[in-house]
Amino acid sequence: GENVEQHPSTLSVQEGDSAVIKCTYSDSASNYFPWYKQELGKRPQLIIDIRSNVGEKKDQRIAVTLNKTAKHFSLHITETQPEDSAVYFCAAYSGGGADGLTFGKGTHLIIQP
Amino acid sequence: DTGVSQNPRHKITKRGQNVTFRCDPISEHNRLYWYRQTLGQGPEFLTYFQNEAQLEKSRLLSDRFSAERPKGSFSTLEIQRTEQGDSAMYLCASSLRGGRADTQYFGPGTRLTVL
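If you're matching them up, the sequences are chains A and B in order.
Here the first sequence is numbered in the numbering used here, starting from 1 and rising by one per residue.
Here the second sequence is numbered in the numbering used here, starting from 1001 and rising by one per residue.
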């Protein structure tokens, strides 16, 4: 089955700086890669996703890049703000009969004022 | 609120008791998923439904777990003879089938504590 590794587990950045979170996946058949943000005690919320037919996608301060050859994808947050503080999860979808997402272990992003 | 809803939000039970959780998906969504999330981990897939048909179960779903979606709308997840290791957040998600990979929207979860 699919295996998703996520790094770092904790990331502390100064407000206004950029943050980058990286994930690798194992199943070359995976074709969909969402990123979720989860604040303490709340539901995971989709912030951006990318499908395997594109290499990059951007939505305001958030961007995701995908390298299918290397089997890794990254989340980039620019001009970080205090409300960006949360746990971020990457996930991969590999299909093949198992239609659930496989998640990474999460990155706790801390924005220092 | 037109998002995914789950009830109850919290459940405390004693070991050996049975518990049942409910999930109401976004109304037009025909796919419904159950995940389990423990502290410091990402959600782990348990099972999913396309309309009323349960199409896939993870090996994490032991025989004590059963899920239903009788009319293709809401779903229930029952855990029989609960164990302390069942303590976790149980998340439901729904999506609209279209293409090979569908965007999943999560509910707020049911936090289960087994004493």
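Ideal Cβ placement from N, Cα and C applies to all residues, glycine included.
Remember, predicted model here, so these are calculated numbers, not experimental data.
Quick check on residue 6 of chain A: buried or exposed, where buried means 16 or more other Cβ atoms within 10 Å of its Cβ? Residue mapping note: residue 6 of chain A aligns to position 6 of the first sequence, counting from 1. Buried.
So, at 7 Å on beta carbons, what are the nonlocal neighbours of residue 1097 of chain B in its own chain, with the 5 sequence-adjacent residues on each side left out? As a first step, residue 1097 of chain B is located in the second sequence; it is residue number 97 there, counting from the start. Excluding sequence neighbours, residue 1097 of chain B sits near 1030, 1031 and 1050.
My guess is that residue 40 of chain A and residue 109 of chain A are in contact by the Cβ rule of under 8 Å, so how many angstroms apart are they, rounded? To locate residue 40 of chain A, count along the first sequence from 1; it is residue 40. To locate residue 109 of chain A, count along the first sequence from 1; it is residue 109. Actually they are not in contact, since the Cβ atoms of residue 40 of chain A and residue 109 of chain A sit about 12 Å apart, beyond 8 Å.
Take residue 15 of chain A and list the residues in its own chain whose beta-carbon comes closer than 8 Å to its own, dropping the five residues that flank it on each side. Stepping through the first sequence from its first residue, residue 15 of chain A is reached at position 15. 80, 81, 82, 111, 112 and 113, listed in sequence order.
8 Å Cβ cutoff, residue 1090 of chain B in contact with chain A: Numbered from 1 along the second sequence, position 90 holds the residue referred to as residue 1090 of chain B. Chain A contact via Cβ: absent.
Quick check: the region 22-40 of chain A against the region 1009-1016 of chain B, are at least 3 beta-carbon pairs closer than 8 Å? no
Using the C-alpha atoms, what's the distance from residue 73 of chain A back to residue 56 of chain A? Against the first sequence, residue 56 of chain A aligns to sequence position 56. Against the first sequence, residue 73 of chain A aligns to sequence position 73. Cα to Cα, the separation comes out at about 9 Å.
Given a cut-off of 8 Å on the beta-carbon distance, is the pair residue 145 of chain A and residue 23 of chain A in contact? Absent from the model: residue 145 of chain A. The displayed extent of chain A is 1 to 113, so no value can be given.
As a quick exercise: from B/1070, B/1035, B/1057 and B/1021, pick the residue whose alpha carbon is nearest that of residue 43 of chain A. Locating residue 43 of chain A in the first sequence gives position 43, counting from the first residue. Selected option, being the one with the closest Cα: B/1035.
State the CB to CB distance for the pair residue 1038 of chain B and residue 1088 of chain B, rounded to an integer number of angstroms; the pair is presumed to be in contact (CB under 8 Å). Working through the second sequence from its first residue, we reach residue 1038 of chain B at position 38. Working through the second sequence from its first residue, we reach residue 1088 of chain B at position 88. Their Cβ separation, rounded to whole angstroms, is 5 Å, which keeps residue 1038 of chain B and residue 1088 of chain B in contact under 8 Å.
Can you grab the Cα-Cα spacing for the pair residue 67 of chain A / residue 50 of chain A, in whole Å? To locate residue 67 of chain A, count along the first sequence from 1; it is residue 67. To locate residue 50 of chain A, count along the first sequence from 1; it is residue 50. Distance between the alpha carbons of residue 67 of chain A and residue 50 of chain A is about 11 Å.
Rank A/86, A/102 and A/107 by C-alpha distance to the C-alpha of residue 27 of chain A and give the top, closest one. As a first step, residue 27 of chain A must be located in the first sequence, where it is residue number 27. Closest option to residue 27 of chain A, Cα to Cα, is A/102.
For the beta strand (DSSP E) containing residue 1103 of chain B, name the first residue and the last one. The residue given as residue 1103 of chain B occupies position 103 in the second sequence. Per DSSP, residue 1103 of chain B belongs to no beta strand (DSSP E) and is neither H nor E.
Check whether the Cβ atoms of residue 1083 of chain B and residue 1070 of chain B sit closer than 8 Å, and answer yes or no. As a working mapping, residue 1083 of chain B is identified with position 83 in the second sequence. As a working mapping, residue 1070 of chain B is identified with position 70 in the second sequence. Taking 8 Å as the Cβ cut-off, residue 1083 of chain B and residue 1070 of chain B do not qualify as a contacting pair.
8 Å is my cut-off, CB to CB: does residue 8 of chain A come that close to chain B? As a working mapping, residue 8 of chain A is identified with position 8 in the first sequence. No, because no Cβ of chain B sits closer than 8 Å to the Cβ of residue 8 of chain A.
Below 8 Å on the Cβ atoms is my guess for residue 1067 of chain B versus residue 1055 of chain B; work out the distance and round it to an integer in Å. In the second sequence, the residue the question calls residue 1067 of chain B occupies position 67. In the second sequence, the residue the question calls residue 1055 of chain B occupies position 55. With 8 Å as the limit, residue 1067 of chain B and residue 1055 of chain B do not qualify as a contact, their Cβ atoms being about 11 Å apart.
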